[in-house]
Amino acid sequence: MICIQERWFEDFDDNMQTISSQQPNLAGGMKDAPEQSNCNICFEEFPSGIGKLVDCGCGHSFCFECWGSYISSRAEDVSSCLRIDCPTPNCGRMVKGHLMAKVANPEDVMKIKAATIANFVDKISYICVCPGVDCDKYIKVHEPNGDTVVKDVRC
Numbered sequence: 020m021i022c023i024q025e026r027w028f029e030d031f032d033d034n035m036q037t038i039s040s041q042q043p044n045l046a047g048g049m050k051d052a053p054e055q056s057n058c059n060i061c062f063e064e065f066p067s068g069i070g071k072l073v074d075c076g077c078g079h080s081f082c083f084e085c086w087g088s089y090i091s092s093r094a095e096d097v098s099s100c101l102r103i104d105c106p107t108p109n110c111g112r113m114v115k116g117h118l119m120a121k122v123a124n125p126e127d128v129m130k131i132k133a134a135t136i137a138n139f140v141d142k143i144s145y146i147c148v149c150p151g152v153d154c155d156k157y158i159k160v161h162e163p164n165g166d167t168v169v170k171d172v173r174c
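For the sequence shown, the numbering used here begins at 20 and goes up steadily by one.
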């Protein structure tokens, strides 16, 4: 394993150039799209290079307003907000959290985070939502090995 890592970093620039030519913005980061002047949703024109169009690493660019509206519409449905992909049909590039934080309403970002946490908790058998009235905390009911942790809950 160490030999592979050493060889990778010896030719790091060449390796990164090869990968990035195959898949734009492999890190899934946010990048400005100065070469494009139209939003792919509303088709509004923007002067090139001013950073008003943003993509999620796939090359499909959208203005901040369209990104915000798209993420807001996805945040309304718990099942569809667990994975938000590029709005371009059949693209499949996942929208990362830092892009959502930049372009979406903070309330929508919080909804998405809450849905993601709830989905995670639903899949872990030893954690559950507190049964207290209006309590939004999670409790560890037992250890993964089955040992009981919680005997009584008071909020």
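Think of the CB as a built atom: it goes at the ideal place given N, C-alpha and C, for glycine as much as any other residue.
Per-residue DSSP class, three states only, for residue i
i, result
"residue 160", "coil"
"residue 64", "strand"
"residue 127", "helix"
"residue 85", "helix"
"residue 141", "helix"
"residue 118", "helix"
"residue 136", "helix"
"residue 103", "coil"
Beta-carbon proximity check, residue i vs residue j, cutoff 7 Å
i, j, result
"residue 71", "residue 65", "yes"
"residue 79", "residue 58", "no"
"residue 103", "residue 127", "no"
"residue 12", "residue 93", "It is not possible to answer for residue 12, since the shown part of the chain is limited to 20 through 174."
"residue 143", "residue 159", "no"
"residue 87", "residue 123", "yes"
"residue 77", "residue 112", "yes"
Counted within 10 angstroms of its Cβ, other Cβ atoms place residue i as buried (16 or more) or exposed
i, result
"residue 75", "buried"
"residue 119", "buried"
"residue 82", "buried"
"residue 121", "exposed"
"residue 130", "buried"
Residue interval of the beta strand (DSSP E) (run including residue i)
i, result
"residue 58", "Per DSSP, residue 58 belongs to no beta strand (DSSP E) and is neither H nor E."
"residue 74", "72-74"
"residue 97", "Run containing residue 97: none; DSSP gives neither H nor E here."
"residue 148", "146-148"
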